[in-house]
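In our numbering, the protein residues as written are 1 to 122.
Heads up, the thing below is written out as structure tokens.
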Amino acid sequence: MASERWPTELRLAKDKRSLHIAFDDGTAFDLPAEYLRVSSPSAEVQGHSPAERKTVPGKREVTIIGVEPVGNYAVKLVFDDLHDTGIYGWDYLYRLGAEQGDKWQGYLDELAAKGLSRDRVR
Numbered sequence: 001m002a003s004e005r006w007p008t009e010l011r012l013a014k015d016k017r018s019l020h021i022a023f024d025d026g027t028a029f030d031l032p033a034e035y036l037r038v039s040s041p042s043a044e045v046q047g048h049s050p051a052e053r054k055t056v057p058g059k060r061e062v063t064i065i066g067v068e069p070v071g072n073y074a075v076k077l078v079f080d081d082l083h084d085t086g087i088y089g090w091d092y093l094y095r096l097g098a099e100q101g102d103k104w105q106g107y108l109d110e111l112a113a114k115g116l117s118r119d120r121v122r
């Protein structure tokens with residue numbers, strides 16, 4: 001299936017805490033590493049059905065250590081916690097950017113409801 005969105009720029013911030021992505025419709029987003037990690041499209045995070053989706057705590061300080069192309073339709077992000085199984089398609093990245101406010105608030109609400117924290121347990 002062809003992507004409806006096409007990236008014109010993809011850049012990892014120097015501090016590795018965000019990914020900048022611009023699209024051919026002029027829209028651009030700066031997506032925090034933590035947000036990308038907890039929203040990973042991997043089966044490890046999303047499960048195989050909505051009921052299996054996991055709330056991932058403790059990723060406030062996560063960074064992106066690798067951005068690897070997957071064909072011409074996606075990138076694989078590698079995080080410093082060694083999570084690397086999510087394939088982020090262009091449409092998925094666009095949706096994460098466009099819906100960031102609501103998705104992030106939903107994540108924070110899930111953490112609170114489950115008594116979890118954004119901070120890593122030491």
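The beta-carbon is built from N, C-alpha and C at its ideal position, and this holds for glycine as well.
Which two residues bound the contiguous alpha helix (DSSP H) that contains residue i?
| i | result |
| --- | --- |
| K103 | Q100 to K114 |
| A51 | Here A51 belongs to no alpha helix (DSSP H), and DSSP marks it neither H nor E. |
| E44 | A43 to Q46 |
Cα separation between residue i and residue j?
| i | j | result |
| --- | --- | --- |
| V45 | A51 | 11 Å |
| V128 | G97 | Outside the modelled stretch of the chain, which goes from 1 to 122, sits residue 128, for which no answer is possible. |
| M1 | R95 | Below a pLDDT of 50, predicted positions are generally treated as unreliable, and M1, at 44, falls in that range; no measurement from the model is reported. |
| E4 | Y92 | 10 Å |
| H83 | W6 | 25 Å |
| L19 | D30 | 6 Å |
| R118 | F79 | 16 Å |
| Y35 | D25 | 23 Å |
| R17 | E9 | 17 Å |
| A43 | A113 | 22 Å |
| T55 | G66 | 23 Å |
| R53 | R122 | 25 Å |
Could you name the residues that DSSP lists as bridge partners for residue i?
| i | result |
| --- | --- |
| R122 | Paired residue(s): none; R122 is not in a bridge. |
| A22 | E9 and A28 |
| Y92 | BP columns for Y92 are empty, so no partner. |
For the beta strand (DSSP E) containing residue i, list its first residue and its last residue.
| i | result |
| --- | --- |
| Y35 | From DSSP, Y35 is part of no beta strand (DSSP E) but of the alpha helix (DSSP H) over A33 to V38. |
| E68 | I64 to V70 |
| Y73 | Note, Y73: premise wrong, no beta strand (DSSP E); not H, not E. |
Between residue i and residue j, how many whole angstroms is the CB-CB distance? I'm expecting something under 8 Å.
| i | j | result |
| --- | --- | --- |
| E68 | V75 | 6 Å |
| A28 | A22 | 4 Å |
Flag this pair as touching only if the stretch 75 to 89 and the stretch 102 to 110 have three or more C-beta atom pairs under 8 Å; answer yes or no.
The stretch 75 to 89, when compared against the stretch 102 to 110, does not touch it at the 8 Å Cβ threshold.
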